[in-house]
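Right, one structure below, let's go through it.
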Amino acid sequence: MKLQHSLGGLENLGPVNVDTQVFVEPWEKRIFGIHTVMMAESTHLADALPRYPVADLPTTFRNTWTWASLRTGAEGMQPFEYFKYRYYEKWLMGISQFFIDEGYVSAEELEEKTRHYRGDPQAALPDKPNPAIAAQISAYLVKGDSGFHAFAQEPRFSKGAQVRVGDPDAVDHTRLPGYLRNKPGTVDLVYPGAFSYFVSTGPDGIGHAMPVYRVAFNAADIWGKEKSEPNTTIYADLFDAYLLAPN
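Numbered as in this note's numbering, the sequence shown ends at 267 without a single skipped number.
Rendered as structure tokens:
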């Protein structure tokens with residue numbers, strides 16, 4: 021599995037940062053805004069719930085960009101590089117590389133712009149008001165995007181069923197917390213309907229609509245009695261593809 025995905029219980033990683041300040045630096049707000057605009061213009065919204073008229077938007081952005089895109093970029097980083105940088109620095113690198121890979125900007129152009137604004141931090145940023153894009157962003161922030169579907173398949177497990185979490189091959193992106201792999205649990209809730217994911221994760225097993233379960237785990241089964249508080253239950257929402265019948 022990717023070392024940097026869901027690090028619960030990993031020893032000697034260092035103290036947990038409990039800072040409640042969302043944005044430490046002013047530029048981080050802009051990175052969050054860029055990501056939000058990209059999601060609001062994403063081509064997948066044409067088939068999302070609710071559907072949006074993205075094909076008619078006056079924009080040159082014609083790609084799919086979701087939370088999965090952002091997470092794939094971060095999880096694909098070399099682990100030592102991943103731990104070197106702060107949260108929004110990872111966002112910045114992932115988004116920048118995406119625009120380079122898709123041909124929206126060249127690495128040379130980005131480097132030139134970087135030199136320009138480092139030399140003159142107060143230089144004006146491009147200002148191109150676009151009422152249609154602004155309306156789309158507002159609609160997206162209000163209505164969101166849902167992966168909910170009617171059941172594509174009957175749930176394999178019911179409430180109270182004993183299950184074991186699988187250990188699928190590591191891929192660029194996963195929604196399976198690393199510390200739950202191969203752990204036993206109990207289905208606590210079967211969510212109504214089925215849920216798809218933004219992208220297919222290939223051998224990881226998710227993408228198309230499938231049942232989702234809330235699974236309860238004894239903390240001691242995950243981290244051992246000596247490292248767990250007694251009578252502690254951990255809950256996780258897991259796609260059907262990640263669960264196996266107990267051995």
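Beta carbons are placed, not taken as given, at the ideal position from N, Cα and C, and that holds for glycine.
Quick caveat: nothing in here was measured; it's all calculated off a predicted structure.
Host beta strand (DSSP E) of residue i (start-end)
i	result
T253	253-259
Enclosing alpha helix (DSSP H) for residue i [first to last residue]
i	result
A127	127-139
Y269	Any property of residue 269 remains undetermined from this structure, which presents the chain solely from 21 to 267.
Y108	107-121
H55	46-60
A75	Per DSSP, A75 belongs to no alpha helix (DSSP H) and is neither H nor E.
For residue i, the three-state DSSP class (helix, strand or coil)
i	result
T40	coil
L196	coil
F215	strand
Q173	coil
M21	Note on M21: pLDDT 42, under 50, position unreliable in the model; the coordinate value appears next. Coil.
R82	coil
L145	coil
L90	helix
L69	strand
S158	helix
E249	coil
G268	Since the first residue of the chain shown is 21 and the last is 267, residue 268 is not available in this structure.
Classification of residue i by the beta-carbon crowding that lies within 10 angstroms, buried from 16 upward
i	result
D224	buried
T252	exposed
H193	buried
H55	buried
Q156	buried
R82	exposed
L161	exposed
K203	buried
G180	exposed
For residue i, the residue or residues it bridges with in DSSP
i	result
R184	P204, L264
F168	F215
R20	Since the first and last residues shown for the chain are 21 and 267, residue 20 lies out of range.
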